[in-house]
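Novice:
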Amino acid sequence: MATADRLPPEPGPDAGIDELQSDIDKTRGELGETVAALSDKLDVKGRAQDKAVETKEAVVDRAHAATEAARSKPAVPVAAALTVLAAVGLLVWWRRR
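Numbering (UniProt numbering), first residue to last: 1 to 97.
(1) What span of residues does the alpha helix (DSSP H) with GLY89 cover, start to end?
(2) Let's see if you can read the secondary structure: which residues bound the alpha helix (DSSP H) around GLY29?
(3) Considering only their Cβ atoms, is the gap separating GLU10 from ASP23 smaller than 8 Å?
(4) Using the three-state DSSP reduction, which class does GLY12 fall into: helix, strand or coil?
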């Protein structure tokens with residue numbers, strides 16, 4: 001494995017108790033991280049929920065961006081509303097003639 005090459009060597013046969021204990025603690029921590037990563041990878045329901053939350057946040061962010069864009073350019077919605085009103089007015093006028 002590539003990660004095994006990058007790890008520092010294990011304590012030698014003449015290592016002291018403190019060095020051995022430190023190596024054991026480090027190994028336990030690495031093992032705990034590996035088990036947690038494997039558990040997360042196997043938790044399909046949790047991953048699906050996380051993906052749903054990410055998608056929801058992305059949609060909310062896009063909605064906020066669209067709202068801000070509409071607020072910064074109010075001429076576009078106003079022009080659209082005026083166009084619709086003018087079209088309705090013309091239809092009413094044309095039908096009454």
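Each residue gets a CB set at the ideal place from its N, CA and C atoms; glycine is no exception.
Specialist: From the atom records:
(1) 75 to 96
(2) Per DSSP, GLY29 belongs to the alpha helix (DSSP H) from 17 to 42.
(3) yes
(4) coil
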